[in-house]
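Residue numbers (numbering that gives the first Met the number 0): 0 to 275. Backbone N, C-alpha and C fix where the C-beta goes; we use that ideal spot for every residue, glycine too. Everything on this sheet refers to the single structure shown next.
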Amino acid sequence: MKVDLHCHSKVSDGVLAPAAVAAYAHRSGVDVWALTDHDEIGGIKAARQAATGLGMRFVAGVEISVTWANETVHIVGLQIDEDNRALVEGLAATRNGRQARAREIADQLAAAGIPDAYEGALRYVGNPDLISRTHFARYLVETGACGTTAEVFRKFLTEGKPGYVPHRWATLEQAVGWIRGAGGIAVVAHPGRYPFSDTAEGALFDAFRQLGGSAIEVVTGSHTPDQYGVYAEQARRYGFLASRGTDFHAPGESRIEFAELPPLPAGLTPVWHDWF
């Protein structure tokens with residue numbers, strides 16, 4: 000059974016409509032699929048309808064932006080009730096401020112010799128409330144400033160580089176609380192991506208577990224193959240369930256495609272172990 004529990008549509012920073020992501024996943028052999036847009040649940044109903052029509056099992060999800068230890072951490076919620084009022088209101092509050100941040104990013108890029116970045120990024124935005132660094136990255140590739148979005152994030156938009164504007168997101172406690180209050184399971188997304196020391200990462204996992212978080216992503220398009228084993232061991236050490244997902248944003252743009260994502264390492268309990 001192929002399970003993918005981390006994907007994005009143009010409702011956040013992907014390029015395809017939710018139904019098109021469902022179709023793309025289905026063509027790649029995915030059996031169980033979740034849409035987990037950033038801080039937004041507006042695509043879930045269309046995604047569910049499309050997945051059901053294609054014969055895939057659908058999991059309602061979201062990826063919530065969190066500020067923890069002055070870094071941005073992402074917490075995925077799976078099996079959520081997308082109509083839960085506290086979740087809906089919390090996500091709306093988290094989205095506030097993205098427009099002002101985007102204007103600041105554009106101003107910094109203009110000072111670095113890349114004009115009109117705000118207007119350029121908007122051409123890639125499906126939901127203007129969720130304009131993000133990814134949209135700016137696509138515009139910088141369009142202009143020829145960089146050859147790939149990966150190169151963009153080496154030269155721009157990250158701390159110490161032009162276009163980096165920090166933003167205060169939800170707290171870890173809020174994000175886990177919204178997810179659990181909506182009947183969902185909280186998952187630390189792609190833990191290997193964060194610039195934490197071993198001590199800081201352990202503190203994150205301890206705090207997450209104490210708040211009721213129960214899973215981490217082990218196999219994800221945002222991890223290297225070596226990190227699969229590292230986070231399999233962390234899942235065992237902390238007693239976390241293990242999740243899996245491509246972190247899909249666009250065909251050919253993500254590090255790994257649906258059909259290429261390997262299974263979870265042996266000896267782990269999948270986050271979906273008791274769903275079906």
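First and last residue of the uninterrupted alpha helix (DSSP H) at residue i
i           : result
residue 139 : 132-142
residue 206 : 197-209
residue 62  : Per DSSP, residue 62 belongs to no alpha helix (DSSP H); it is in the beta strand (DSSP E), 56-67.
residue 232 : 224-237
residue 87  : 84-94
Residue i to residue j span [Cα, whole Å]
i           : j           : result
residue 16  : residue 51  : 16 Å
residue 148 : residue 88  : 32 Å
residue 136 : residue 98  : 16 Å
residue 35  : residue 251 : 19 Å
residue 161 : residue 193 : 20 Å
residue 275 : residue 164 : 42 Å
residue 117 : residue 19  : 26 Å
residue 76  : residue 186 : 6 Å
residue 56  : residue 47  : 9 Å
residue 2   : residue 241 : 12 Å
residue 131 : residue 101 : 7 Å
residue 209 : residue 112 : 46 Å
residue 104 : residue 152 : 13 Å
residue 276 : residue 110 : Because the chain in this structure spans residues 0 to 275, residue 276 falls outside the shown range and cannot be described.
residue 180 : residue 211 : 11 Å
residue 45  : residue 265 : 34 Å
residue 13  : residue 134 : 9 Å
residue 239 : residue 129 : 30 Å
residue 21  : residue 32  : 8 Å
residue 221 : residue 199 : 20 Å
residue 261 : residue 268 : 16 Å
residue 183 : residue 23  : 25 Å
residue 279 : residue 70  : Only positions 0 to 275 of the chain appear in the structure, and residue 279 is not among them; the question remains open.
residue 286 : residue 72  : With the chain covering only 0 through 275, there is no way to say anything about residue 286.
residue 158 : residue 227 : 26 Å
For residue i, the first and last residue of its enclosing beta strand (DSSP E)
i           : result
residue 73  : 70-77
residue 177 : Segment 171-180 is the alpha helix (DSSP H) holding residue 177; no beta strand (DSSP E) there.
residue 121 : It is not in any beta strand (DSSP E) - residue 121 instead sits in the alpha helix (DSSP H) that spans 116-121.
residue 43  : No beta strand (DSSP E) holds residue 43; the alpha helix (DSSP H) holding it covers 43-53.
residue 240 : 240-244
residue 186 : 184-187
Environment of residue i [buried if 16+ CB atoms lie within 10 Å]
i           : result
residue 244 : buried
residue 271 : buried
residue 114 : exposed
residue 62  : buried
residue 91  : exposed
residue 290 : Since the displayed the chain opens at 0 and closes at 275, residue 290 lies outside it and no answer follows.
residue 126 : buried
residue 84  : exposed
residue 81  : buried
residue 54  : exposed
residue 197 : exposed
residue 169 : buried
residue 191 : buried
residue 258 : exposed
Proximity below 9 Å, CB of residue i to CB of residue j
i           : j           : result
residue 214 : residue 234 : yes
residue 8   : residue 60  : no
residue 207 : residue 74  : yes
residue 166 : residue 96  : yes
residue 67  : residue 139 : no
residue 155 : residue 108 : yes
residue 256 : residue 27  : yes
residue 223 : residue 188 : no
residue 174 : residue 65  : yes
residue 217 : residue 263 : yes
residue 39  : residue 122 : no
Backbone secondary structure at residue i - three-state DSSP
i           : result
residue 29  : coil
residue 129 : helix
residue 247 : strand
residue 148 : helix
residue 3   : strand
residue 214 : strand
residue 113 : coil
residue 269 : strand
residue 108 : helix
Within-9 Å CB hit, residue i to chain D
i          : result
residue 36 : Given the protein chain composition of this structure (a single chain), no chain D is represented.
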